[in-house]
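First to last, the sequence lines map onto chains L and D. Position one of the first sequence corresponds to residue 1 (the UniProt record's numbering), numbered consecutively onward. Position one of the second sequence corresponds to residue 1 (the UniProt record's numbering), numbered consecutively onward. Where a beta carbon is used, it is the ideal one built from N, C-alpha and C, also for glycine. A quick note: this is a predicted structure, and the numbers were derived from the prediction, not measured. The structure appears right after this line, and notes come after that.
Protein chains: 2
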Amino acid sequence: MQTRTPAGRTGRPRSASADAAILAATRQALVELGWSKLTLGDVATRAGVAKTTLYRRWSGKNELVVDAVAELFDELSLPDRGSLAADMEGVVLQFAAILARPEARSGLMAVVAEATRDEALRERIRASIVDRQKRLVLAGRARAEERGELPPSTDPEESARTVDLIFDMVAGAVVHRTLVSAQPADEEWVRAFTRVMLQGLAAA
Amino acid sequence: MQTRTPAGRTGRPRSASADAAILAATRQALVELGWSKLTLGDVATRAGVAKTTLYRRWSGKNELVVDAVAELFDELSLPDRGSLAADMEGVVLQFAAILARPEARSGLMAVVAEATRDEALRERIRASIVDRQKRLVLAGRARAEERGELPPSTDPEESARTVDLIFDMVAGAVVHRTLVSAQPADEEWVRAFTRVMLQGLAAA
DNA sequence: TGCTTTCGCTACGACTCGTAGCGTAATGCC
DNA sequence: GGCATTACGCTACGAGTCGTAGCGAAAGCA
Chain L
1 MQTRTPAGRT GRPRSASADA AILAATRQAL VELGWSKLTL GDVATRAGVA KTTLYRRWSG
61 KNELVVDAVA ELFDELSLPD RGSLAADMEG VVLQFAAILA RPEARSGLMA VVAEATRDEA
121 LRERIRASIV DRQKRLVLAG RARAEERGEL PPSTDPEESA RTVDLIFDMV AGAVVHRTLV
181 SAQPADEEWV RAFTRVMLQG LAAA
Chain D
1 MQTRTPAGRT GRPRSASADA AILAATRQAL VELGWSKLTL GDVATRAGVA KTTLYRRWSG
61 KNELVVDAVA ELFDELSLPD RGSLAADMEG VVLQFAAILA RPEARSGLMA VVAEATRDEA
121 LRERIRASIV DRQKRLVLAG RARAEERGEL PPSTDPEESA RTVDLIFDMV AGAVVHRTLV
181 SAQPADEEWV RAFTRVMLQG LAAA
């Protein structure tokens, strides 16, 4: 949210249900209208709140949509499928499934585009979406190390660079496949992609 | 352009210089204002043409910006650097250099976002940007085959799938690195990326 | 010279934006 | 219970943009 609810303060507290209603209404509007035709007045009507309430909590469309989209990615998980390759295929498929949803497609790309000219927005995206999901890469590597599929990482700086590279390659490829090439990131594609990734990383 | 200039037609012909001026003005406005604050009225003023002239040629902001951005990617080339790895590093660096320019950053992502809800726009992007640059992948592979670095491709369908995969991975990773992670795709990163790509492809 | 199409210009209604002002509702503190 | 404080819903507003229409002038072609 734009203004975090301070802990000990007097006065009427902000309605928690309004937050949820607004974010849900934002996603619904993204599905039906897309980014460019989405107006804050419309979102407020859908959520059953006044437009002024919306402006009291978010400074604008960008921040609102980032928060609405960020919630979508929290459902990503990394179930143990027995091998590094299977784990990776699984999470990539989950990621692809989220990107197949229209509220994620139109919302995510639009805020990334806006973020190219807005450092604060870029930081917000990084904090609430990107960095938040890097946990998956870290967990996958840790699990592979436990299995003995990967040697334990030694140089922490080199290790961080590799995580960033993996994340850029995975997220970038899936996004490009889904949104630019407009082809489904189905099991066949994910299998081919994962093979290139893992073979390439293993050789390095 | 929105309406191609028909060949044999009577009447005053459309000014060719106006097209160039409008596209240049669009890029300039993208740099100074970004996507969301760019208005067609402003572009028309910058280009020294009337707003109505602009609407006669393009149906809207989306189509205009696609054409303005597409021109940026035509300067990509594939100089012979002696090896597949060097060729790939070279073209990836060129691609990164274009994406480092503000008119490409803000424009490209925005139209991709809009394209998620507009099939015609998606097709326009694919035709005027994506497919147009796949020539680089094809040329790089052909050159590598001549050098003997790659076996000649046999199955044409499998071959096409590989080209698509490579393109999604290269373009996606560079875009994500540059625009989402907001880190420079510098020589060090490109070298690491290229190594993973080529090792991964070689093993498959 | 006529015919055709484009051009620049002005004006227009419709819409969205973000904010201000007001009275009311909900909470904490005394 | 009363009071201060904050959030809420509602209405209204000026500012800005959109995309289009209508006009006379300009630039080609036969």
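Member of the options whose CA lies at the smallest distance from the CA of residue i
i	options	result
F73 of chain D	D:T116, D:V130 and D:A29	D:V130
L136 of chain L	L:S83, L:M88 and L:A25	L:M88
E119 of chain D	L:A115, L:G60 and L:S106	L:S106
A68 of chain D	D:E188, D:L138 and D:L23	D:L23
T178 of chain D	D:R81, D:A100 and D:V91	D:A100
G140 of chain L	L:D19, L:L84 and L:T162	L:L84
A70 of chain L	L:V180, L:V190, L:K51 and L:A104	L:A104
K51 of chain D	D:G172, D:G41, D:R57 and D:W58	D:G41
L188 of chain L	L:P102, L:A96 and L:V180	For the record, residue 188 of chain L in the displayed sequence is Glu; it is not Leu. Among L:P102, L:A96 and L:V180, the Cα nearest to that of E188 of chain L belongs to L:A96.
R81 of chain L	L:A127, L:G172, L:E114 and L:R147	L:R147
L121 of chain L	D:T194, D:A182 and D:V174	D:A182
A142 of chain L	L:S128, L:S159 and L:A127	L:S159
A204 of chain D	L:A204, L:Q199 and L:W58	L:Q199
E145 of chain L	L:T53, L:A202, L:P102 and L:V180	L:A202
A110 of chain L	D:E32, D:R12 and D:V180	D:V180
Contact set between residue i and chain D, taken where Cβ atoms lie within less than 9 Å
i	result
G34 of chain L	A113, E114, T116, R117 and D118
Distance between residue j and residue i (C-alpha atoms, nearest Å)
i	j	result
L78 of chain L	H176 of chain D	22 Å
E123 of chain L	V112 of chain L	11 Å
L30 of chain L	E63 of chain D	21 Å
residue 222 of chain D	I125 of chain L	No answer is possible for residue 222 of chain D: the residues shown for chain D start at 1 and end at 204.
F167 of chain D	T10 of chain D	44 Å
R117 of chain D	P152 of chain L	45 Å
D164 of chain L	L93 of chain D	18 Å
D155 of chain L	A16 of chain L	44 Å
T39 of chain L	G34 of chain D	19 Å
A86 of chain L	L150 of chain L	14 Å
V91 of chain D	P184 of chain D	15 Å
G60 of chain L	K37 of chain L	14 Å
R191 of chain L	E114 of chain L	33 Å
I98 of chain D	L76 of chain D	9 Å
R195 of chain D	G172 of chain L	17 Å
D186 of chain L	F193 of chain L	11 Å
Amino acids of chain D, ordered along the chain, whose beta-carbon sits closer than 7 Å to that of residue i
i	result
G82 of chain L	Within 7 Å Cβ-Cβ: nothing; G82 of chain L doesn't reach chain D, min ~21 Å.
Q199 of chain L	Q199, G200, A203 and A204
Cutoff 8 Å; reference residue i; Cβ partners in own chain excluding five residues on either side
i	result
M197 of chain L	M88, I166, M169 and V170
A21 of chain D	A47, G48 and V49
R132 of chain L	A70, F73 and D74
Element boundaries [alpha helix (DSSP H), containing residue i]
i	result
G107 of chain L	P102 to A115
A144 of chain L	D131 to R147
A85 of chain D	L84 to L99
R81 of chain L	Neither: R81 of chain L is in no alpha helix (DSSP H) and is coded neither H nor E.
E188 of chain D	E187 to A202
A182 of chain D	Here A182 of chain D belongs to no alpha helix (DSSP H), and DSSP marks it neither H nor E.
T10 of chain L	From DSSP, T10 of chain L is part of no alpha helix (DSSP H); its letter is neither H nor E.
Cβ shell of residue i (< 7 Å), same chain only, five flanking positions each side left out
i	result
T26 of chain D	V43, L64, V65 and A68
L138 of chain L	V163
L108 of chain D	V69
Chain-ordered chain L contacts of residue i [CB-CB under 9 Å]
i	result
F95 of chain D	None at all; the shortest Cβ gap to chain L is about 12 Å.
A70 of chain D	Neighbours of A70 of chain D on chain L: none; closest Cβ ~13 Å, over 9 Å.
F193 of chain D	L165, D168 and M169
R105 of chain D	A113, T116 and R117
Other residues of its chain near residue i: CB distance less than 6 Å, five sequence neighbours each side excluded
i	result
A18 of chain L	V49
Within chain D, partners of residue i - CB distance below 8 Å
i	result
M88 of chain L	Neighbours of M88 of chain L on chain D: none; closest Cβ ~13 Å, over 8 Å.
R122 of chain L	A182
V130 of chain L	V180 and S181
heavy atom of the ligand SAH below 6 Å from residue i C-beta
i	result
I129 of chain D	The model on display carries no ligand, and the ligand SAH is accordingly not part of it.
Chain L contact residues for residue i, given Cβ-Cβ distances below 7 Å
i	result
A173 of chain D	D168, M169, G172 and A173
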